[in-house]
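Numbering of the sequence shown is given in numbering that gives the first Met the number 0, commencing with residue 0 and proceeding in unit increments. All C-beta atoms, glycine included, are put in the ideal place defined by N, C-alpha and C. All figures in this text were calculated on a predicted structure; none of them were measured in a lab. Structure, as structure tokens:
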Amino acid sequence: MENMLERKRIPYGIQGFEMLRNDNSYYVDKTPFIPKVEAANKYFFIVRPRRFGKTLWLNTLKTYYDIKKKNVFEKLFSGLWIGDHPTPSRNSYMILDFNFSLVNGSVEDYRQSFDTICRIQFESFIYDYEEYLPKGTKEFVENCPDAVSKMSKLCEMVSKTDKKMCVFIDEYDNFTNNILSDYTQLGRYLDETHRTGYLRTFFNALKDGSQNAIERLFITGVSPVTLDDLTSGFNIGTNYSNSPMFNELMGFTEKDVREMIRYYDGFHHFKYSVDEIIETIRPWYDNYCFAEDCFGETTMYNSDMVLFFMDYLCNYNKYPKNIIDSNIRTDYSKLKMLIRKDKEFKYEASIIQTLATDGQYIAPLNENFPAEKIVEKKNFASLLYYFGMVSIGGVEADKVIFKIPNIVVREQLFNYLLDNYNENELIFNSWNGEDEMSAMAFRGKWKEYFDYIAGALKTFASNRDKGKGEAFVHGFTLAATSQSRVFIPHSEADTDEGFPDLYLEPRTDIYHDLTHSYLIEFKYAKSDATQTEIQNKIAAGILQLERYSKADFVVKKSKGTTLHCLLVVFKGIEMVECSQVKEIKS
């Protein structure tokens with residue numbers, strides 16, 4: 000028990016650096032990046048997907064630079080890299096920080112909410128640093144009517160001292176994301192960010208303050224859209240989002256994750272090896288790349304997902320059945336606007352549909368773009384990238400090969416597809432197919448499930464959808480199958496024997512009595528195809544399944560189960576063949 004009390008707490012859900020350090024929590028040391036940040040431009044902008052450690056990183060910097068924290072520097076930073084290598088700027092500034100996630104983004108009360116949040120932060124700043132500020136600062140700032148004038152006045156008062164401010168803005172684009180969730184509000188958004196718009200004038204006040212009061216400015220969010228719209232008014236910030244220098248700034252490397260597993264294994268003696276745990280979580284949480292030059296070198300794990308998993312593993316010494324944190328699902332649900340934007344491309348040009356069926360999408364990676372142009376295909380792929388829905392999976396000439404990074408994200412994209420299908424009257428309720436999926440996994444009864452899928456397509460697909468062909472049929476089947484909790488679906492998996500359409504990997508790490516796995520090849524023929532054409536597709540599918548079943552990836556993942564090799568053929572919207580080509584017991 001004494002040994003367990005010495006174990007560091009897993010900081011799941013903790014975003015405050017000082018709280019984390021005082022609470023004896025595990026900290027993946029990101030402080031070696033502080034000198035790199037200081038060597039970068041003083042007005043530092045970076046975006047990362049949700050729950051990737053942005054707030055904790057800002058809190059680390061705030062604590063490091065805060066002049067009021069000088070007396071606790073050793074306590075908070077001892078044992079960390081920067082504790083042994085402090086820079087001259089340590090504990091040198093007054094800290095003004097804003098968290099715009101607290102701002103209500105509705106059109107009706109946006110300004111009032113913005114003013115209220117900023118006023119609270121101004122009051123807190125003046126209270127904390129009263130001894131450094133000129134007399135009367137509190138009254139002068141209070142008498143200003145709004146956030147813009149208060150910001151200007153505060154900078155004026157600070158400029159009269161021998162100290163400067165560091166300003167931090169977390170979730171700077173919260174207003175943008177809320178407004179753009181309803182594209183009908185685009186006009187109001189443009190009013191706020193262009194010409195004499197309120198948000199624009201606030202950032203102009205920050206720009207003016209950089210002349211004599213603000214030493215450093217740090218801004219984070221989840222997309223560069225707002226920055227682009229503010230650029231001509233606020234043109235002093237440098238966007239480091241795609242810089243190879245900061246690829247590893249947020250999130251965990253695999254080295255970080257392995258060290259964490261080994262640390263907690265020393266207390267809990269896990270029944271899994273480090274390699275086994277890594278192999279389990281890598282396809283779920285890993286594979287984010289934030290710089291083209293870093294592709295093929297280092298990928299990043301989502302830090303929040305890893306901490307969720309480790310918290311469960313330490314408490315129960317087993318894997319969680321639901322390996323996706325419910326908070327992640329809640330966060331991704333905020334991005335439902337993506338499917339509404341994607342729908343504007345229609346099925347034949349849908350980027351999300353292409354990602355689901357082909358596993359990749361090739362487009363330029365745009366560093367920034369205005370809000371009114373996010374529905375353009377050349378920008379929409381980049382928006383998905385900044386939101387963490389795709390990652391850099393390669394480079395082709397002057398374009399990026401965008402790929403879905405992991406299973407967690409793929410499930411969200413497939414859910415978006417189902418939402419889209421439902422809105423087009425192709426109703427699919429995952430609960431309806433749950434019994435059939437369970438029968439596939441535990442009893443090897445697969446025909447009923449594909450009959451159910453075929454019935455849904457035939458019954459509910461509209462005439463317009465019937466003409467959309469293979470991508471529609473394949474996309475719906477993948478999206479529906481992804482809802483399973485007993486299989487991990489691999490679509491177009493890159494194996495040593497080619498690219499199978501769908502492999503259902505059995506989750507035997509969780510369900511120990513799961514005894515069946517599936518390799519599925521889809522073939523599609525147009526509604527006017529001849530019988531000869533269909534037979535040719537069947538013959539081709541049989542040969543492909545024979546080859547795919549020998550792939551090392553499939554053989555390894557199917558070990559201990561019966562592998563069913565299935566051929567599913569559609570003629571138009573109707574399933575005309577659903578048969579087992581071979582069955583392999585291992």
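(message) By the three-class DSSP mapping on this structure, what secondary structure does lysine 570 have?
(response) To locate residue 570, count along the sequence shown from 1; it is residue 571. Strand, per DSSP.
Glutamate 1 - DSSP class collapsed to helix/strand/coil: Start at 1 with the first residue of the sequence shown, and residue 1 comes out as number 2. The pLDDT assigned to glutamate 1 is 42, lower than 50, so where the model puts this residue is not dependable; a value taken from the coordinates is nonetheless given after this. Glutamate 1 falls in the helix class under three-state DSSP.
Exercise. Assuming glutamate 504 contacts histidine 489 (C-beta within less than 8 Å), just tell me the rounded distance between them.
Key: In the sequence shown, the residue the question calls residue 504 occupies position 505. In the sequence shown, the residue the question calls residue 489 occupies position 490. With a Cβ gap of about 6 Å, glutamate 504 and histidine 489 count as contacting.
Nearest-angstrom beta carbon gap, serine 88 and glutamate 17 [assumed within contact, 8 Å] = The sequence position of residue 17 within the sequence shown is 18, counting from 1. The sequence position of residue 88 within the sequence shown is 89, counting from 1. Distance from glutamate 17 to serine 88 at the Cβ level is roughly 18 Å; contact not present, criterion being Cβ atoms closer than 8 Å.
- On the three-state DSSP scale, how would you describe valine 580? Position 581 of the sequence shown holds residue 580. Per DSSP, reduced to three states, the secondary structure at valine 580 is strand.
(Q) Quick check: the Cα distance between serine 91 and aspartate 172, rounded to an integer number of angstroms? (A) By one-based count along the sequence shown, residue 91 stands at place 92. By one-based count along the sequence shown, residue 172 stands at place 173. Serine 91 and aspartate 172: Cα-Cα distance of roughly 28 Å.
Practice problem: Closer than 7 Å by C-beta to arginine 463: which residues in its own chain qualify, once you throw out the five before and the five after it? Chain order, please. | Solution: For the purposes of this step, residue 463 is taken as the residue at position 464 of the sequence shown. Since pLDDT at arginine 463 reaches only 49, below the 50 mark, its modelled position is unreliable, and the value read off the structure follows with that caveat. Nothing meets the Cβ criterion.
Where does asparagine 365 sit, in a helix, a strand or coil, going by DSSP?
As a working note, residue 365 is residue 366 in the sequence shown. Asparagine 365: coil per DSSP, three-state reduction.
- Query: With DSSP run on the structure shown, which of helix, strand or coil describes leucine 565?
  - Reply: As a working mapping, residue 565 is identified with position 566 in the sequence shown. If DSSP states are grouped into helix, strand and coil, leucine 565 belongs with the strands.
How many Å lie between lysine 372 and asparagine 405 at the Cα?
Start at 1 with the first residue of the sequence shown, and residue 372 comes out as number 373. Start at 1 with the first residue of the sequence shown, and residue 405 comes out as number 406. In a straight line, the C-alpha of lysine 372 is about 28 Å away from that of asparagine 405.
Q. Taking the DSSP output, what are the residues bridged to lysine 522?
A. Locating residue 522 in the sequence shown gives position 523, counting from the first residue. Among the bridge pairs identified by DSSP, lysine 522 is matched with Val568.
Neighbour flag for aspartate 450 against chain B, beta carbons, 9 Å
Among the chains in the structure shown there is no chain B, since it carries only a single protein chain.
Can you list the beta strand (DSSP E) stretches of 3 or more residues lying completely in the segment 53–121, in chain order? Fully enclosed beta strand (DSSP E) runs of 3 or longer: 93–98.
Item to check | Sequence-distant residues of the same chain with beta carbon closer than 7 Å to glycine 559, five excluded per side | outcome: Within the sequence shown, residue 559 is the residue found at index 560, counting from 1. Cβ within range, chain order: Thr507, Ser585.
task = Using a threshold of 9 Å, state whether the C-beta atoms of tyrosine 126 and isoleucine 66 are closer than that.
result = Here residue 126 is taken as the residue at index 127 of the sequence shown, counted from 1. Here residue 66 is taken as the residue at index 67 of the sequence shown, counted from 1. Taking 9 Å as the Cβ cut-off, tyrosine 126 and isoleucine 66 do not qualify as a contacting pair.
Taking the alpha-carbon positions, what's the valine 567 to phenylalanine 43 distance? On the sequence shown, residue 567 is found 568 positions in, with the first residue counted as 1. On the sequence shown, residue 43 is found 44 positions in, with the first residue counted as 1. Their Cα atoms are separated by approximately 52 Å.
In this structure, how does DSSP classify glycine 454 when only helix, strand and coil are distinguished? Within the sequence shown, the letter at position 455 stands for residue 454. Helix at glycine 454.
>> Can you give me the C-alpha to C-alpha distance between cysteine 288 and phenylalanine 449, rounded to a whole angstrom?
In response: For the purposes of this step, residue 288 is identified with residue 289 of the sequence shown, where counting begins at 1. For the purposes of this step, residue 449 is identified with residue 450 of the sequence shown, where counting begins at 1. Their Cα atoms are separated by approximately 36 Å.
| message | Which residue wins for smallest C-alpha separation from proline 363, given the options Asp161, Val399, Asp357, Gly392? | response | Reading the sequence shown from its first residue, position 364 is the one you call residue 363. Scanning Asp161, Val399, Asp357, Gly392 for the CA closest to the CA of proline 363 turns up Val399.
**Request:** Go ahead and pull the three-state DSSP assignment for methionine 304.
**Result:** Against the sequence shown, residue 304 aligns to sequence position 305. Residue state, collapsed to three classes: helix.
### Query
When you compare only the Cα positions, how much space is there between serine 112 and leucine 101?
Counted from its first residue, the sequence shown places residue 112 at position 113. Counted from its first residue, the sequence shown places residue 101 at position 102. For serine 112 and leucine 101, the distance between alpha carbons rounds to 8 Å.
Assuming contact is defined by CB atoms lying nearer than 9 Å, are methionine 259 and lysine 35 in contact in what I supplied?
By 1-based counting over the sequence shown, the position of residue 259 is 260. By 1-based counting over the sequence shown, the position of residue 35 is 36. Their beta carbons are not under 9 Å apart, which means methionine 259 does not touch lysine 35 by this criterion.
Problem - Cα-Cα separation, glutamine 534 to threonine 476 - result: Taking the sequence shown and counting its residues from 1, one reaches residue 534 at position 535. Taking the sequence shown and counting its residues from 1, one reaches residue 476 at position 477. When rounded, the distance between both Cα atoms is 22 Å.
Does the count of Cβ pairs from the segment 236–252 and the segment 44–56 closer than 8 Å reach three? As far as the Cβ criterion goes, the segment 236–252 touches the segment 44–56, which means the pair count is three or higher.
Look at the alpha carbon of phenylalanine 307 and the alpha carbon of aspartate 324, and state the distance between them as a whole number of angstroms. In the sequence shown, residue 307 corresponds to position 308, counting from 1. In the sequence shown, residue 324 corresponds to position 325, counting from 1. Cα to Cα, the separation comes out at about 7 Å.
**Message:** My output table needs one value for threonine 313: the three-state DSSP class, helix, strand or coil.
**Reply:** For the purposes of this step, residue 313 is taken as the residue at position 314 of the sequence shown. Position check: residue 313 holds cysteine in this sequence, whereas threonine was assumed. In the structure shown, cysteine 313 sits in a helix (DSSP, three-state: H, G or I).
* Work out the CA separation of glycine 82 and isoleucine 116 for me, nearest whole Å. => In the sequence shown, residue 116 corresponds to position 117, counting from 1. In the sequence shown, residue 82 corresponds to position 83, counting from 1. Each residue's Cα considered, the two are about 33 Å apart.
Notebook entry, point to check: When DSSP labels each residue in this structure, what does tryptophan 430 get in the three-state scheme?
Noted result: For the purposes of this step, residue 430 is identified with residue 431 of the sequence shown, where counting begins at 1. Caution is warranted here: a pLDDT of 47 is assigned to tryptophan 430, below 50, making its placement in the model unreliable, and the coordinate value is therefore given only provisionally. DSSP places tryptophan 430 in coil when its eight states are reduced to three.
Taking its Cβ as the centre, do 16 or more other Cβ atoms sit within 10 Å of glycine 540, making it buried, or is it exposed?
As a first step, residue 540 is located in the sequence shown; it is residue number 541 there, counting from the start. Burial call: buried.
- Message: Considering only the alpha carbon of each residue, which of Arg546, Ile218, Gln359 lies closest to leucine 565?
- Response: Within the sequence shown, residue 565 is the residue found at index 566, counting from 1. In terms of Cα proximity to leucine 565, the closest of Arg546, Ile218, Gln359 is Arg546.
(request) List in chain order: all unbroken beta strand (DSSP E) runs of 3+ residues lying wholly within the segment 213–298. (result) If we require 3 residues or more, the beta strand (DSSP E) runs fully inside the segment 213–298 come out as 213–220.
Looking at C-beta atoms only, is the number of pairs between the segment 256–273 and the segment 309–317 that lie closer than 8 Å three or more? The segment 256–273 vs the segment 309–317: in contact.
Note to self: So, at 7 Å on beta carbons, what are the nonlocal neighbours of tryptophan 430 in its own chain, with the 5 sequence-adjacent residues on each side left out?
What the structure shows: Within the sequence shown, the letter at position 431 stands for residue 430. Confidence in tryptophan 430 is poor, its pLDDT being 47 and thus under 50, which makes the residue's placement unreliable; the coordinate value appears in the next sentence. Result list for tryptophan 430: empty, nothing under 7 Å.
Give a yes or no on whether the C-beta atoms belonging to phenylalanine 401 and glycine 392 are separated by under 9 Å. What you label residue 401 is simply residue 402 of the sequence shown in a count that begins at 1. What you label residue 392 is simply residue 393 of the sequence shown in a count that begins at 1. Yes, Cβ-Cβ distance for phenylalanine 401 and glycine 392 is below 9 Å.
Note to self: What does DSSP give as the partner residue(s) for serine 516 in the beta ladder?
What the structure shows: For the purposes of this step, residue 516 is identified with residue 517 of the sequence shown, where counting begins at 1. Leu562, per the DSSP bridge assignment.
Name the two residues that bound the continuous alpha helix (DSSP H) containing leucine 501. Translated into the one-based positions of the sequence shown, residue 501 becomes position 502. In this chain, leucine 501 is not harboured by any alpha helix (DSSP H); it is covered by the beta strand (DSSP E) spanning 501–505.
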